[in-house]
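Peer 1: Numbering (our numbering), first residue to last: 27 to 182.
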Amino acid sequence: MPLIIPQSLYDQLRAHGEETYPNECCGIMLGTADGDQLTVAALLRAGNTRTDSAHNRYNIAPQELIAAQRQGRKLGLDIVGFYHSHPDHPAQWSPTDFAEAHWFGCAYVITSVDGDKTTGHAQITNSFLLTGTTEDDKAFADQPIEITENAVAKLG
């Protein structure tokens, strides 16, 4: 199941990681799930509420998730995934990422951002689909990213 994302949104997602470096960025992806693919139509930046270790952890406040769901409903979109950055680490999920992933059928996009303590540069971006139906059978599956030319929708 590929993740389809417009070039402009892909670029925004990566730029967000550069802007928040050396801390992790995080955000919510709105779009549609069509059986065999997830299509991203909008990104919502979220504040990383992890004050204890924002350089290697992220958390999205429940209020932001609720607001994203409301905004998605207005646009006829659903939450199809989440994104965050890994400052100075690979674009691979960590044990913490896995333990804190609970949205089955959603994409979890990770961008590695390398830098010099103050300026970050996005490197590799990977996506992982959370499969399963319970905590006991959940797993991350590598998910191909397909970049399209134009944005599917814009947030007002």
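For every residue, glycine included, the Cβ atom is placed at its ideal position computed from N, Cα and C.
Could you say which of 45, 118, 44 and 32 lies nearest to residue 55 if we only look at CA atoms?
Peer 2: Counted from its first residue, the sequence shown places residue 55 at position 29. Closest option to residue 55, Cα to Cα, is 32.
Peer 1: Just to confirm, are residue 57 and residue 137 a CB contact at a threshold of 9 Å?
Peer 2: For the purposes of this step, residue 57 is taken as the residue at position 31 of the sequence shown. For the purposes of this step, residue 137 is taken as the residue at position 111 of the sequence shown. No.
Peer 1: May I have a chain-ordered list of the beta strand (DSSP E) segments no shorter than 3 residues that lie completely inside the region 31-71?
Peer 2: Those beta strand (DSSP E) runs which fall completely within the region 31-71 and span 3+ residues are 52-59.
Peer 1: Taking all protein chains shown into account, decide if residue 107 is buried (16 or more other Cβ within 10 angstroms of its Cβ) or exposed.
Peer 2: In the sequence shown, counting from the first residue as 1, residue 107 sits at position 81. Residue 107 is buried by the Cβ-count criterion.
Peer 1: Using three-state DSSP, classify residue 156 as helix, strand or coil.
Peer 2: Numbered from its first residue, the sequence shown carries residue 156 at position 130. Note: residue 156 maps to strand in three-state DSSP.
Peer 1: For the structure I just gave you, are there three or more beta carbon pairs, one from the region 152-167 and one from the region 121-129, closer than 8 Å?
Peer 2: These segments touch.
Peer 1: By DSSP, does residue 94 sit in helix, in strand, or in coil?
Peer 2: For the purposes of this step, residue 94 is taken as the residue at position 68 of the sequence shown. The answer is helix: DSSP assigns residue 94 an H, G or I state.
Peer 1: By Cβ distance, which residues of its chain are closer than 6 Å to residue 153, with the 5 residues on each side in sequence left out?
Peer 2: Taking the sequence shown and counting its residues from 1, the one referred to as residue 153 is at position 127. So the list reads 29, 133, 135, 169 and 171, once near-sequence residues are dropped.
Peer 1: In angstroms with no decimal places, state the Cα-to-Cα distance between residue 36 and residue 173.
Peer 2: Your numbering for residue 36 matches position 10 in the sequence shown. Your numbering for residue 173 matches position 147 in the sequence shown. C-alpha separation (whole angstroms): 7 Å.
Peer 1: Going by the DSSP bridge assignment, what does residue 146 pair with across the sheet?
Peer 2: Locating residue 146 in the sequence shown gives position 120, counting from the first residue. 141.
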